[in-house]
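Written below as structure tokens is the structure these notes are about.
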Amino acid sequence: MNAPPTVYPCRVCGLLHEQPLWGQDDKTPSWEVCVCCGYQVGYHDCSPVAARHFRETWIARGARWRFPERCPPDWQWQAQVKNIPEQFLLATDVVLYPCRVCGLLDEVPPWGADGCNPSHDICVCCGSEAGYEDCLPEAARVNRQRWLDAGAVWFDRACRPPEWDCQAQLQNVPEAFR
Ligand SMILES: [Zn+2]
Ligand SMILES: [Zn+2]
7 MNAPPTVYPC
17 RVCGLLHEQP
27 LWGQDDKTPS
37 WEVCVCCGYQ
47 VGYHDCSPVA
57 ARHFRETWIA
67 RGARWRFPER
77 CPPDWQWQAQ
87 VKNIPEQFLL
97 ATDVVLYPCR
107 VCGLLDEVPP
117 WGADGCNPSH
127 DICVCCGSEA
137 GYEDCLPEAA
147 RVNRQRWLDA
157 GAVWFDRACR
167 PPEWDCQAQL
177 QNVPEAFR
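Residues in the sequence shown are numbered from 7 upward in steps of one, following my numbering.
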């Protein structure tokens, strides 16, 4: 029997790997660093939002190989990204909503679809509660400053990307809450 070789695409860049990146159960990350995009399995690809974010970062930086010697001739990232599983492509029309305090983007709108119904979710980054620390621009500013003064520590440290850029993220804060 000659079964076709099974390949496993990187969720960030689409490079096909011979070993399952998330285990046979699709739940056990190998923690491998992709030789192409350079992102780590289990970390940068743990959610569609994360995968899209790092994919965009990778493409914006020129879609370079982490290990250029492994790059095949005539390689094109545009062809490779077609291997990415659909659920990790995350259609670009998915709207991401910024935290009013720290600017972290999330799929869940902190103040509901209409902007009037706070979720009362705790932001994994700055730790503020939607509907409480961010109810007024003044409050958002004070809490942002307090968080920055304390070292901009992630509330849930496990969610912090290794190459996190605080200043870039703060650019997402809606104008009225800056
Ligand atoms: Zn990759
Ligand atoms: Zn936040």
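The C-beta atom is built at its ideal place from N, Cα and C for all residues, glycine as well.
- Inclusion of Ala146 and Trp117 in the CB contact set at 9 Å is not warranted, their separation being larger than that value.
- If you draw a straight line from the Cα of Trp83 to the Cα of Pro167, it is about 23 Å long.
- Using a Cβ distance threshold of 9 Å, Ala66 and Phe94 do not count as a contacting pair.
- Taking non-hydrogen atoms of ligand 1 into account, the C-beta of Tyr49 is found less than 8 Å away from none of them.
- Counting along the chain, the unbroken alpha helix (DSSP H) around Leu154 starts and ends at Pro143 to Asp155.
- When secondary structure is reduced to three states using DSSP, Glu181 falls in the helix class.
- Membership of Pro167 in any alpha helix (DSSP H) is not indicated, and neither H nor E is assigned to it by DSSP.
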